[in-house]
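Quick notes on the structure that follows.
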Amino acid sequence: DSGRMSGLGAKQAAAEAKKSVAVLYFQNLSSAKDDEYFRDGITEDLITELLKIKGLHVFTRSAVLAYRDKPVSAPQVGQELSAAYVLEGSLRRAGDRLRINAQLLDTRTGHGVWAERYDRELKDIFAVQDEITRSITQALRVTLSTPEEKAISRKPTENVRAYDYYLRGRSYARRVTRPDLELAMEMYDRAIELDPNFALAHAGLGIACGVYHEWHEQNPRWTEKGLAACARALALDAQLPDALAARARIAYATHNHAEAIDYARRAIELKPDC
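Below, the structure written as structure tokens:
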């Protein structure tokens, strides 16, 4: 009956709430202040990886951005976001070495559910992200499907220097000033030179070109460059949300609003944090 169905729905909602995770921006313990782009990138990519797992409810970047570099407790975040768990940690990069501390906390008690320290070479960053993701699913007893296993195991690039340039580009692009967007495009171009098959870097370049055209210089060269970057990204990965978002950005910049809406919807369907 309807009452029984309502009860089942409430139980299901409660079960899902128990597996809700807020990933807070890791602390940057590196000596270089400009390493914040790297800290931000690693944190956001962890969010993206966890969002691929249907058995978890993961809060998007926009939901946790307000807590960036602010002293907050797990119970506070739990109360404000209705998150059952918080992932927090710190990151230190020195040359080619990388140290990451991560811990998963129960927001009701503030007690740790899982914790680990990773002392690795920088080239192992994708393996560390993979291990953290899997450890969280194991701690919360979430079973990964075969497609989810493949999705979180897939590396965006084999070239860690290209990845570093990509993260720099993403950080510059968000500031949207003319010099920052020009730096962003330069960073993406460098990433692509190191790995021509780095689809995310092509997509990032497409977005930067679209924003540059919209905000700073209405010149066809930017939309042409952006569309070429999008085409390359989609040729490498036809379902890449970032590439679809880039196409939406360029369509918007050229006042093709219906097309922009279509691409944006497709991007969000594939990646809620897009």
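Residue 1185 in my numbering is what sits at position 264 of the sequence shown, and the numbering runs on without skipping anything. For glycine and all other residues, C-beta sits at the position ideal for the given N, C-alpha and C.
For Lys1044, the closest C-alpha among the options Arg1014, Ser952, Leu1026, Ala1154 is that of Arg1014. Contact between Leu1008 and Leu1025 is confirmed by a C-beta separation of about 5 Å, below the 8 Å threshold.
For the pair Ala1060 and Cys1195, the Cα-to-Cα distance works out to about 27 Å. Counting of Cβ neighbours within 10 angstroms places Arg1153 among the buried residues, the total reaching 16 or more.
In its chain, beyond the 5 residues on either side, Tyr1086 have a beta carbon closer than 6 Å to the beta carbon of Arg1111. For Asp961, there is no enclosing beta strand (DSSP E); the residue is part of the alpha helix (DSSP H) that begins and ends at 957-972. If you draw a straight line from the Cα of Trp1035 to the Cα of Arg1075, it is about 24 Å long.
Annotated three-state conformation of Leu1061 is coil, per DSSP. Sequence-distant Cβ neighbours of Lys940 in its own chain, meaning closer than 8 Å and more than five residues away, are Gly976, Leu977, His978, Ala1005, Tyr1006, Leu1061, Val1063.
Taking 7 Å as the cut-off, the beta carbon of Gly1010 is found closer than this to the beta carbon of Phe947. The alpha carbon of Arg1168 has as its nearest neighbour, out of Ala1129, Leu950, Glu1107, the alpha carbon of Ala1129. In the three-state DSSP reduction, Gly1010 falls in the strand class (E or B).
In the three-state DSSP reduction, Gln1139 falls in the coil class, being neither helix nor strand. Val998 and Val985 have their alpha carbons spaced roughly 9 Å apart. Distance from the Cα of Gly1090 is smallest, within the candidate group Arg1186, Leu945, Asp961, for Asp961. Setting aside the 5 residues that flank it on each side, Tyr988 is surrounded in the same chain by Leu945, each with a C-beta closer than 6 Å to its C-beta; the list follows chain order. The region 1010-1098 is shown to contain whole beta strand (DSSP E) runs of 3 or more residues at 1018-1027, 1033-1042, in chain order. Distances from the alpha-carbon of Val1097 to those of Leu1121, Val1132, Arg1041, Pro1193 put Val1132 closest. Each of Arg1170, Ala1150, Arg1082 was checked against the Cα of Asp1017, and the nearest Cα belongs to Arg1082. Secondary-structure assignment with DSSP links Gln948 through a beta bridge to Ser1011. The C-alpha of His1134 is placed about 44 Å away from the C-alpha of Pro996. Close CB contacts of Asp966 within its chain, under the 7 Å cut and outside five residues either way in sequence, are with Gln1050 (chain order).
Cβ-Cβ separation between Leu1148 and Ile1113: approximately 15 Å, too far for a contact (criterion under 8 Å).
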